[in-house]
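Just below is one structure, and these are the notes that go with it.
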Amino acid sequence: MPPAVSDYKPVVSVKDVTHRYGKVLALDGISLDIPRGLMVGIIGPDGVGKSTLMALIAGSKKMQQGKVTVLDGDMADAAHRRSACPRIAYMPQGLGKNLYLELSVYDNVDFMAQLFGLSPAERPVRIKELLDATGLGPFADRPAGKLSGGMKQKVGLCGALVHEPDLLILDEPTTGVDPLSRRQFWILIDDIRAGRPGMSVLISTAYMDEAQKWDWIVAMDAGRVLATGMPAELMKQTNTKDLEACFIGLLPEEKRSGHTELTIPPRRAERSEIVIDAKGLTRRFGSFTAVDHVSLSIECGEIFGFLGSNGCGKSTTMKMLTGLLPPTEGTATLFGSSVEAGSIEVRKKLGYMTQAFSLYGELTVRQNLALDALLYHIPAQKAEARIKELVEKFGLGPHLDSLAESLPMGLRQRLSLAVAVLHEPKILILDEPTSGVDPIARDSFWELLIDLSRKQGVTIFITTHFMNEGMRCDRISLMNSGKVLACDAPQKLIETRGVANLEDAFIGYMEDAIADDASGGKSKDKVSGSAPAAVQPAAPETSAPSGFRLRLGRMFAYARNETMQILRDPVRLVFSFIGSALLMLVFGFGITTDIEHIRYASFDLDQSPESRAYLEQFAGSPRYFTRTTPVRSAEEGLHRLQADDVSVVLEIPPNFGRDFRRGNAPDVLAQVDAAMTFRGETVAQYVQAVNNTMLQNPANGLQVGPLKDTATFEERYMYNPTFESVYSIVPSIPALLLVLIPAILMAVSIVREKELGSMINFYVTPTGRLEYLLGKQIPYVAIAMLNFFILAAMARFVFGVPVKGSFLLLTFTTLLYVTATTGIGMLISTFTTSQVAAVFVTAILAMTPTIQFSGLLQPVSTLMGKAKIIGMIWPTTYYMHSSVGAYTKGLSPGLMMPDIVFLACCIPIFWAVSMLGLRKQEK
Amino acid sequence: MTSLLNIFWLGLKEIRSLISDKVMLLFVIYAFTFAIYVQATGTSNEVNNASIAFVDENNSALSKELINAFYPPRFQAPKKIDASEVEDAMDKGLFMFVVAIPPRFEDDLRAGRNPEIQINIDATAMQQASIGTTYIKSIINKRISNYLKRTDEQQSAPVQLIIRKLFNPNGTASWFLSVVAIINQISLLTIVLTGAAVIREREHGTLEHLLVMPLTAFEIAMAKVWANGLVILIATAVSLFGVVEMALKVPFAGSHLLWFFGVGLYLFFATALGIFLGTISRSMAQFALLNILVVLVLMLLSGGSTPVESQPEWLQHITFFLPSRHFVSFSQVIIYRGGGLSAVWHQFLMVSAIGLGFFIYSLRLFRKSIAVTK
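From first to last, the protein sequence lines stand for chains X and C.
Residue numbers for the first sequence follow the working numbering, so the first one is 3 and each next one is one higher.
Residue numbers for the second sequence follow the working numbering, so the first one is 105 and each next one is one higher.
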């Protein structure tokens, strides 16, 4: 179909682009012109820079060096990006990476439509068209997180197509997707292209066979372009029949050296002992059946493959076979004995390699191997020899002392395998060992497996989603949505179905299975033949809404989106509501400076009426003092003070009564436990106070009357007449909690997008920085206000502390305060990159000034130096004043005004600084 | 025996991982040195730089003398205000104390009466309010008696009350605060380290790897307990000897060995709690949020910030089950009061019992949690 490529003006032109992540070179001076209106594939294994290149073209990543021209404009120019981004659609790598997993299919697509400014009238029509065309119509209300990989990719595609792009960029859209969905996906793309002939499509993939049918290919390796051209040309050039072989042919000589076509010697069929035996294995998670009656029997020395897409139940089956997960139903036996948790003996014969790289990245290669030898209790000498042998065989020699995490993917997998076989297991269970490994490394990995199976008789159980790997197994099981569709030698399966290859066979079995349970999932993933007719170009915008309305629309789109996410995330929801109520209780009851019921013991060496009358006074104030058994010796007194049995020992000397009557002013010794300083100080004061009062009280016979030359004091405890700490603590807790919790939640919400990848939606849509920040902030301000009402209600009804001043005004001040405190979280999110860091940094940065310098413990007026400066600029200081004032002092509006003004000034400052810190492109 | 060896090797691996995590390591070092020092010396229960104003309706030489008796650092230089301004100034929070000296004050005193001075106290600042009031009263009375030049002071009180503050004679706040700061850091960091270790292993898939090996969940958990516990124990020792005893000069009355034994028991609980939290949270972010709630409760209700005796009765029954409360309590007994094992054995017992219970419970959850990793 495509005529000579040179006729096209390039849609994308890349010139001398270099990109680094720290020391790692991702793109190495690439120059490339991509022709317009074609289906262009970028092929190459993981980690060669495909994703980086695509992100640069989409404008989501910040350019470091070189120039990228897309749609006739420079992508380094912000103005061009702004005008071009509605014409570019970008779907990043990772199944549903830019989707909001808590939101429904419809809401996800609707959110993208809102960001691209589609009017409320055209949105439902357009979305319905797209969902119908992709066969997602029946699942519009399902949360994206509960979709299969293939369906997630379709949702992503709908989101990308909602605004009619001229350039569609898809980064590995089919990795990990089952073959049927994959085929449907490509049909869909073809349909869409037929409907929009001018559209250019740029796709990257690790499955080379897919790319064979495309118009034009860019082969990449190690940050460089190996070759470009039409697939047929490239294959001709390298004299190969398929693209994978062609790719290997294109690799530089030194990489290819030693690579030979993989041959698998046939298995000797003499031994037929069954080593893995599973009967009716079933595993349910709640109402979801992950594995549905799977039965297997695998013979000794066999290479048994498990083929299926992400989430089809492969890993769950493996976990049951290894004893990691107890089956809901059915049994699994290895060597005839069951692998229940705790059967150590069986596990010694088992080697396991998990899906992800599961070794300690922070340890070196040697340490990883040694650790395993130790844990399997291999004698030191034998272990050393074995490690040496493996290192040689697996080619790990030059890397022995490098950290495992610094190794390239292929080497890591070899190290994983070395660790898994170190103790010479009889069964090797490998969960997707080769995903993300380049073809050459994959072949050399398989050589090792074949050696283990054929020469050492190790039974190998392997899962994969690569069809060509499936072909290398002795027998394979095809698995889809928890069920085994068929199980036999791969060649036999192909023959049985009478098709050309394994993929077609798989698809055939899948279609049969779908037809079988026609009642349940009839419409599921239906191939849509009529798509192009359905996806009509959206009506041209007749009355373009004003820029301001668009901005407002995008802001509310983000606010709505965030609200729905919080409502569906139980942990954040609990933290935002229960968290503050719980802390209010803990702080309110736990922080109290009231010292009451002090336990004391007397040590009366006099036993006279006077001494008894003196001691009686302490017993007479039960709110403060609680009497315990008197002590009989000084040592006993000290011991009881040490053991914290009493806090005071009152020692009355012999002859106290006589001396008192004679006016000799006898001593009374009060020993106070001052281990806790504040408490000791207060107890000492109380003892002194009881002593002073009694000497002026005529009722007890010790009275001497007021002294001459002293003033008496009238103490007016203002705002808190009973001097109970609840009245001072409770009104200040909201000030504390309304900074801590909203700031943390706000910071997490933004950093979470960075970490999970949905931040890309902000990078590649016309959303402005302020729109984004405000949209994110609105829900958290609302949550904080709800919290304020909860806290006020608790103060009133649980602690009995009502608001004396104007509640309305306090509410208004609170609104300003929480807008400012969420602003603090926003600010922190600009320089933190992980959610954990966001939580701890916010907690530490917000807590110190709040607790120490804003008047909670010490009035700001008494602070000095830096502490005072921090106190003066920290918003809590002002809110604390208003809050405590409104609760206890009945503060008048005039007196709250300065606080209101200060808080109102904070808000735009936080906005401005956060805007400066927020990047519109990924670094 | 093999089990012990496994625990040992796994623990060693745990320590290696921690050492390679430079950020975490720096954070631990900071938390146990600098942060302790700042917390111990930064805040104080003492009255410092308190704001005070006088309403002088007497305007005598004596009243001026009294006003001059208040000066920094304990009090700010006193301001003179009108009687009519008192309410407003207090509402604004300008002053913590406003002292009103009545008319004819000096004359009354000279006539042998006891005229009344009014002290208005902003009682919303609890700690400073009560201690500050006592200071004000004693300063004023001392000044009056000096001013009136009375010499026969023996006659003044019929009973001499001698108050001896045991265990911290000068009431130095940093003695207490530094130890509480260590205790709080132990709670926070032990939980963070252990919990993060569990989650990191799960997120990286290494946990599954271990569970397929001939190892038991008990061995894996126990290795985390001893390894993380040991790191914190060393940090605690550095902090106690280096910061608390050397820099802050806090005397240690009891037996070091006994205290460290107690710390060990508490670490067993804290690591078990870390494993528990690491197991129930599905991601680092959830762990971080949960951690904040749990650690704040452990810290605030332990009796380290305000006395346990001040909690309402029902709450004391609940906090009895908080090991941090017993930790604070036996630390006070050993460090300040010099108490021996006979004085702390029941707290040790309580910490061990709760720690053990928690450990068994987390262990059961731990294996179950593998089911939800995917």
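Glycine included, C-beta positions come from ideal geometry on N, C-alpha and C.
Query, Result
"At the level of alpha carbons, what is the spacing between serine 446 (chain X) and aspartate 211 (chain X)?", "20 Å"
"Nearest to lysine 64 (chain X) by CA position, among X:Thr631, X:Asp180, X:His21 and X:Leu587, is which residue?", "X:His21"
"Starting from tyrosine 92 (chain X), trace the alpha helix (DSSP H) both ways and give me its first and last residue.", "Where tyrosine 92 (chain X) is concerned, there is no enclosing alpha helix (DSSP H), although the beta strand (DSSP E) it sits in stretches over 90–93."
"Helix, strand or coil for proline 12 (chain X) per DSSP?", "strand"
"Check for me: the alpha helix (DSSP H) holding proline 492 (chain X) runs from which residue to which?", "492–499"
"Using the DSSP secondary-structure output, state which residues sit across from glutamate 716 (chain X) in a beta bridge.", "C:Gln222"
"Which value, in whole angstroms, describes the spacing of the CA atoms of lysine 156 (chain X) and glycine 200 (chain X)?", "21 Å"
"Output needed for phenylalanine 306 (chain X): all residues of its chain with C-beta closer than 8 Å, excluding positions within five of it in sequence on either side, in chain order.", "Ile278, Leu298, Ile300, Thr461, Ile462, Phe463, Ile464, Cys475, Asp476, Arg477, Ile478 and Ser479"
"Would you mind stating whether phenylalanine 118 (chain X) and proline 88 (chain X) have Cβ atoms separated by less than 7 Å?", "yes"
"With 16 as the cutoff for other CB atoms within 10 Å, does arginine 349 (chain X) come out buried or exposed?", "buried"
"Out of X:Val651, X:Ala645 and X:Gly659, point me to the one whose CA is closest to proline 611 (chain X)'s CA.", "X:Gly659"
"Measure the alpha-carbon distance for phenylalanine 842 (chain X) versus leucine 758 (chain X) and round it to whole angstroms.", "19 Å"
"Do the segment 157–165 of chain X and the segment 87–105 of chain X touch if we need at least three Cβ pairs shorter than 8 Å?", "yes"
"Could you tell me whether the Cβ of arginine 286 (chain X) comes closer than 7 Å to any Cβ of chain C?", "no"
"Could you tell me the alpha carbon to alpha carbon distance between lysine 117 (chain C) and leucine 373 (chain X), rounded to whole angstroms?", "8 Å"
"Going by C-alpha to C-alpha distance, which of X:Phe558, X:Ile600, X:Lys868 and X:Val915 sits closest to threonine 769 (chain X)?", "X:Phe558"
"So which residues on chain X does serine 433 (chain C) lean against when the C-beta distance must stay under 7 Å?", "Asp646"
"Nearest to glycine 892 (chain X) by alpha carbon, out of X:Gly807, X:Glu331 and X:Thr844?", "X:Gly807"
"Grab the span of the alpha helix (DSSP H) containing valine 841 (chain X) for me, first residue to last.", "837–855"
"Suppose the cutoff is 7 Å on Cβ atoms and the five residues either side in sequence are ignored; what does the same chain contact list for isoleucine 240 (chain C) look like?", "Phe201, Val203 and Ile223"
"Could you work out which residue in C:Ala331, C:Phe380, C:Val302 and C:Phe131 is closest to leucine 467 (chain C) when comparing CA atoms only?", "C:Phe380"
"Would DSSP call arginine 388 (chain X) helix, strand or coil?", "helix"
"Does any residue of chain C have a CB that is nearer than 7 Å to the CB of arginine 349 (chain X)?", "yes"
"Can you name, in chain order, every residue of its own chain whose Cβ lies under 8 Å from the Cβ of arginine 570 (chain X), other than the five neighbours on each side?", "Glu104, Leu105 and Pro145"
"How many Å lie between alanine 540 (chain X) and glutamate 166 (chain X) at the Cα?", "Any answer about alanine 540 (chain X) is weak, because its pLDDT of 46 lies below 50 and its placement is not dependable; what the coordinates show is given next. C-alpha separation (whole angstroms): 7 Å."
"Tell me which residues share the same chain as aspartate 18 (chain X) and place their Cβ nearer than 8 Å to its Cβ, disregarding the 5 neighbours each side in the sequence.", "Gly31, Ile32, Ser33, Gln67, Gly68 and Lys69"
"Going by alpha carbons, who is nearest to histidine 82 (chain X) out of X:Gly61, X:Ser121, X:Lys25 and X:Ile853?", "X:Gly61"
"Going along chain C in order, which residues have a C-beta closer than 8 Å to the C-beta of tyrosine 378 (chain X)?", "Met317 and Pro318"
"Our contact map puts leucine 424 (chain X) next to valine 367 (chain X) with C-beta atoms below 8 Å; I'd like the distance itself, whole angstroms only.", "Contact flag wrong, Cβ pair sits at about 12 Å."
"For the structure I just gave you, are there three or more beta carbon pairs, one from the segment 654–668 of chain X and one from the segment 679–695 of chain X, closer than 8 Å?", "no"
"Could you name the residues of chain X that alanine 447 (chain C) contacts, counting a contact when the two beta carbons are closer than 7 Å?", "Gln644 and Ala645"
"Looking at the C-beta of histidine 467 (chain X), does it have a partner C-beta in chain C at a distance below 7 Å?", "no"
"By how many angstroms is the C-alpha of valine 588 (chain X) removed from the C-alpha of methionine 194 (chain C)?", "29 Å"
"Closer than 8 Å is the cut-off here; do at least three beta carbon pairs connect the segment 877–895 of chain X with the segment 793–812 of chain X?", "yes"
"Can you name the residues of chain C whose CB is closer than 9 Å to the CB of glutamate 672 (chain X)?", "What sits at residue 672 (chain X) in the sequence shown is alanine, not glutamate. Simply Leu265, Ile266, Ile267 and Arg268."
"CA-CA distance, alanine 334 (chain X) and leucine 920 (chain X)?", "53 Å"
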